[in-house]
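Last residue of the sequence shown? That's 198 in my numbering, and every number before it is there in order.
Take a look at the structure below.
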Amino acid sequence: ALPLARALYAGGVQVLEITLRTPVALAAIAQIARQLPEVVVGAGTVLSAGDARRAREAGARFAVSPGYSRELGQACRALGLPLLPGVATAREIMAAFADGFQFFKLFPAEVLGGLALLKAWASPFRHVSFCPTGGITEATAPQYLALPNVRCVGGSWLAPAQSVHTGDWARITQLAREAQALRPVR
13 ALPLARALYA GGVQVLEITL RTPVALAAIA QIARQLPEVV VGAGTVLSAG DARRAREAGA
73 RFAVSPGYSR ELGQACRALG LPLLPGVATA REIMAAFADG FQFFKLFPAE VLGGLALLKA
133 WASPFRHVSF CPTGGITEAT APQYLALPNV RCVGGSWLAP AQSVHTGDWA RITQLAREAQ
193 ALRPVR
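What follows is the structure, encoded as structure tokens:
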């Protein structure tokens, strides 16, 4: 985790989400938080108050969930752990917005309609913004980033499994640099 985080940071990626989908995720968060304090590391796939507490204890500076529940929102607030709640429907946006959230993870973006959905939501949900993830690629990221209601995107293309497996950190740094250049100038 640490060499990967260093490679991404060297390429300009300063915010990293470590998903809680492996048994070493919390240890990876702790290691990055301790040894690379300049990197903003957070926990993804946070599903419960317990996940949020463990992530915070490991050093996560934010949490990301695939969906939204009031219980998770309240738990993260109580912990002082900023939450990027996942949404997939207008109802979820409305519920999270009513609880004070204005920045959402659209997940899984491509499956849900991606660009067309975000364009359709721009008017009724003009006071919120999104970080689409799920199916975003280097080729589609600029289209998402051009939308006024998109702040950032998430994508696994930055850390191809083969490059991680072989320790090709230079390739990952290069991919991170290329990703930083994808955002259009506004």
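C-beta atoms are modelled at their ideal positions from N, C-alpha and C, and glycine is treated no differently.
From a predicted model like this one, the values you see are computed outputs, not experimental measurements.
Q. Going by the CB atoms, is the gap between A153 and V165 shorter than 7 Å?
A. yes
Q: Assuming S77 contacts L59 (C-beta within less than 8 Å), just tell me the rounded distance between them.
A: 7 Å
(Q) With three or more C-beta pairs closer than 8 Å as the rule, is the stretch 116-126 touching the stretch 146-162? (A) yes
Q) Assuming L38 contacts L28 under a Cβ cut-off of 8 Å, what Cβ separation, rounded to an integer in Å, is found between them? A) Going by Cβ atoms, the distance from L38 to L28 rounds to 14 Å, so no, they are not a contact pair.
Q) To which residues of the same chain is Q43 closer than 7 Å at the C-beta, ignoring the five residues directly before and after it? A) A13 and L14
Q: Could you check what DSSP says for F109 in three-state terms: helix, strand or coil?
A: helix
Q | Run of the alpha helix (DSSP H) containing I44, from where it starts to where it stops | A | A37 to Q47
Q) Assuming R85 and F113 make a contact with CB atoms under 8 Å, what is their CB distance in whole Å? A) Per the sequence shown, the amino acid found at residue 85 is Gly instead of Arg. About 7 Å; that satisfies the 8 Å criterion.
Q) Thinking just about the alpha-carbon of each residue, which of L170, A191 and G24 is nearest to the one in I184? A) L170
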